[in-house]
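Visitor: The numbering used here puts the first residue of the sequence shown at 49, with every later residue one more than the last.
Don't be surprised by glycine CBs; every beta carbon is placed ideally from N, CA and C.
Since this is a predicted model, take the numbers as computed values, not measurements.
There's a structure below that I have some questions on.
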Amino acid sequence: PVLIAKHTKLRNKMLKTFIVLAALAFGSLEALTCCSNKDCSQTANCGANQNVCTSTWSINSAGNNYEVYSRSCSTGNPQEDHCSIDSNDGDVTCKCKGDRCNSVMPDILTGDTDRITCYRCKSGDNCQYSDSTSSTGANYGTELKCPKGVKKCKISMDDNDFHTTFRRDCGW
C-alpha cells in the first residue's frame, strides 16, 4: 500500500508537470496579431516564425515631424522592445512584443523631454550656411524634434563644380 501510494503521487506529479508544459507549449503557438497598415485599421495574424510586431516611422514631407510609414509582423527578440534609427535618413524602426503593440507611437518619438530640436534641410532644398551673426533671410530649413537618443545636430556640405550645397539634420 505504501509503494502504491508513492507511485500514485509520482504519477500525479508527472501528469501535472506534463499538463503545465503542454499548456505553455500550446500557449506559445497562438498567433501574434499586429497592425498591418498605416492607420492600424487592419490587423494580421503573424506566421509561425514571426514573433514581434514592427513599425517604421519616417520624417513627413514637410520635414518637421515623424509619421508612420509601415506596420507589420516580423522576426526578432520577443523579450525586449527595441527601436533603431537609420543613420542615412533618420527612419525609426521599432520591434515590440504583444498583440497590436505596434499601434502606438514608440517612446523614442514621444514627449519633449530628452529630445533636441535641429534644423532639417536636405540637399536641393536651397539650404544656406551662415557664419555671421546676422541670419536675416537665411534658409536654415524646418525645425525637427529629433528622436530620443540623438545628442547633436549636424551640418554637411556637398561641393560640386557650380556651387556648394549645405544639408542640416539630426545627428543620427
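1) In terms of residues, what are the limits of the beta strand (DSSP E) holding S106?
2) Alpha carbon to alpha carbon, how far is D139 from C194? Give it in angstroms, no decimals.
3) Would you call the region 81–101 and the region 155–162 touching, i.e. three or more CB-CB distances under 8 Å?
4) Is DSSP giving S84 helix, strand or coil here?
5) Note down the Cα distance separating V68 from T141, rounded to an integer number of angstroms.
6) At the level of alpha carbons, what is the spacing between R168 and N113?
7) Please list, in chain order, all residues of the same chain as K241 whose beta carbon is under 8 Å from its beta carbon, the five residues on each side excluded.
8) Measure how close the beta-carbons of D147 and L192 come, nearest whole angstrom, since I'm counting them as under 8 Å.
9) On the premise that C82 lies in contact with C101, defined as a C-beta separation below 8 Å, what is that separation, rounded to the nearest angstrom?
10) Between A110 and chain C, is there a C-beta pair that is closer than 8 Å?
11) Helix, strand or coil for S204 per DSSP?
12) Count the other CB atoms, across all protein chains shown, that sit within 10 Å of the CB of K143; report buried if there are 16 or more and exposed otherwise.
13) If you draw a straight line from the alpha carbon of S132 to that of K86, how long is it in whole angstroms?
Guide: Taking the definition as stated:
1) For this step, residue 106 is matched to residue 58 along the sequence shown. Counting along the chain, the unbroken beta strand (DSSP E) around S106 starts and ends at 100–107.
2) As a first step, residue 194 must be located in the sequence shown, where it is residue number 146. As a first step, residue 139 must be located in the sequence shown, where it is residue number 91. In a straight line, the C-alpha of C194 is about 11 Å away from that of D139.
3) Short answer: they don't touch.
4) In the sequence shown, counting from the first residue as 1, residue 84 sits at position 36. Reduced to three states, the DSSP call for S84 is coil.
5) Translated into positions along the sequence shown, residue 68 becomes position 20. Translated into positions along the sequence shown, residue 141 becomes position 93. With a pLDDT of 41 at V68, under the threshold of 50, the predicted position of this residue should be treated as unreliable, though the coordinate-derived value follows. Approximately 36 Å, taken between the alpha carbons.
6) Position 120 of the sequence shown, counted from the first residue, corresponds to residue 168. Position 65 of the sequence shown, counted from the first residue, corresponds to residue 113. Computed Cα separation, rounded: 10 Å.
7) The question about residue 241 has no answer here: the residues shown for the chain are numbered 49 through 220.
8) Looking up residue 147 in the sequence shown gives position 99. Looking up residue 192 in the sequence shown gives position 144. The beta-carbon distance between D147 and L192, rounded to whole angstroms, is 32 Å. This is too long to meet the 8 Å contact definition.
9) Taking the sequence shown and counting its residues from 1, one reaches residue 101 at position 53. Taking the sequence shown and counting its residues from 1, one reaches residue 82 at position 34. The pair is a contact, with the Cβ atoms about 4 Å apart (cut-off 8 Å).
10) Absence of chain C from the displayed structure is noted, only one protein chain being present.
11) As a first step, residue 204 is located in the sequence shown; it is residue number 156 there, counting from the start. It is a strand residue.
12) Looking up residue 143 in the sequence shown gives position 95. With 16 or more other Cβ atoms within 10 Å, it is buried.
13) As a first step, residue 132 must be located in the sequence shown, where it is residue number 84. As a first step, residue 86 must be located in the sequence shown, where it is residue number 38. If you take the alpha carbons of S132 and K86, they lie about 19 Å apart.
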